[in-house]
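If you read the sequence shown in the working numbering, its first letter stands for residue 749, the second for the next number, and so on. From the three backbone atoms N, C-alpha and C, an ideal C-beta is built for every residue, glycine too. Here the structure is a predicted model, which means the values were calculated and not measured.
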Amino acid sequence: MKLHGFAGSRAQTVRRLTTILFLTLSLTVAARADFSTGFETTSGSYTAGSPVSGVHDTGLPGTASWSTLFGSTSAITVTNNPANVKSGTQALHVVDADTSAYGVSYNLAGAVNYSSAFTLHFSLNVSSVGLAPTATFGTPIQFYLGDNSTSAGTKAYWTSGYVSSGGVLYLYVASSTNGSSVTGVNLGSYTTYSAYGQYVDFDITIDPTTHKYTNLTLTGAASGAVDKTSTLLGSSSGGEIPWLNNTLGTPSSTFVLAAGGGGASVFDIDNLSISNVPEPTTIALAAFGTMILLGRHRSRRRYGI
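Below, the structure written as structure tokens:
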């Protein structure tokens, strides 16, 4: 005999637990306010063949837009050439055909909580690398998250890295624990991960409380996913981010993409995103809630309720 009143009570309990779990996870996701863009027309006035400078991405709050940091706006444009796109129909295309340097930036303020661990992701497609970068800018392909500049070693950054004129990938770390200078950690040749003209995905996780990298994964067509975290942790600073001993204050939230001159550098960026890493307590809560719901469901089936 089924105890309908008891069954109703159980059903109500399961519904309440489901609602609580859903609301908890929803509030957590909302608080993270993650950001991603593929430079598509659905994310703003990204127009193929036009400069990215001046475009506001609708995935970010406020009215900030991509800005020219230095050089001509015509060197960094939106492309819809399928050969240059990782996914979707558009990507950011950079052509440095002379000895000038070019750079754009976007303030990602409000994208995530920068006081909690977060992951920066982007896809990089290098077609060619300049062989003679200028003395001023040093490296032909550069990226930064932090200060609105290209001054690793003198400004505070969450992360920054570059591709050398020889096609080698580097990520900056502090040169020593609580150091006041930076050094580039060699991550291997670009072609170790993908051939020129193919994409390499970067996933860089940073813990702002310890000022250290906690994950670095590079993924390419030739290599698959490669965990390079131990390479960073094995550096002289133990994987400390280029914050520079806190002497310059907390890094800002500006993403910078630059071509350092030398000519013949052609590359693309697609699928730029930044997201907070879920707190362990949130993951535990979700797992615990799921276990309760499954247990309730199994009990109901067992007793025919």
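Looking at the secondary structure, which residues open and close the beta strand (DSSP E) in which residue i lies?
i, result
"Y947", "947-955"
"Q890", "889-894"
"A922", "916-922"
"S908", "905-911"
"K960", "960-968"
"G851", "850-855"
"S815", "815-818"
So who's on the other strand from residue i, going by DSSP bridges?
i, result
"K976", "BP columns for K976 are empty, so no partner."
"H869", "D951, S1021"
"P990", "For P990, which the question treats as bridged, DSSP gives no partner whatsoever."
"S784", "S1021"
"A796", "V826"
"V842", "I824, F1015"
"L1005", "V852, F891"
"A900", "K903"
"N934", "Y918"
"S876", "V1014"
On the DSSP letters alone, give me the boundaries of the alpha helix (DSSP H) that residue i sits inside.
i, result
"Y938", "938-941"
Checking contacts by CB at 8 Å: is residue i closer than that to chain C?
i, result
"T953", "Absence of chain C from the displayed structure is noted, only one protein chain being present."
Indicate whether residue i and residue j have their beta-carbon atoms separated by less than 8 Å.
i, j, result
"Q827", "S798", "Looking at the sequence itself, residue 827 is Thr, so the reference to Gln does not match. For T827 and S798, no; Cβs fall outside 8 Å."
"S1023", "D782", "yes"
"Q838", "A904", "no"
"S928", "N993", "yes"
"Y941", "S908", "no"
"A823", "A1012", "no"
"S784", "G810", "no"
"P888", "G878", "yes"
"V930", "V921", "yes"
"G914", "Q946", "no"
"S1021", "H841", "no"
"K960", "G997", "no"
"A812", "S1001", "no"
"L893", "W906", "yes"
"Y1081", "V843", "The requested residue 1081 does not occur in the structure, where the chain is confined to residues 749 to 1053."
"T965", "K976", "yes"
Checklist entry - Three or more C-beta pairs closer than 8 Å, one from the region 846-865 and one from the region 810-818: is that the case here? => result Touching, yes.
Next on the checklist: Is it the case that the region 827-839 contacts the region 1015-1023, given that we only count it when at least three CB pairs across the two stretches are under 8 Å?
Outcome noted: Segments in contact, yes.
Checklist entry - Is the region 923-939 touching the region 891-898 in the sense that three or more CB pairs, one from each, lie closer than 8 Å? => result Short answer: they don't touch.
Item to check | Three CB pairs or more closer than 8 Å across the region 854-869 and the region 949-961 | outcome: Under the 8 Å Cβ criterion, the region 854-869 counts as touching the region 949-961, having at least three qualifying pairs.
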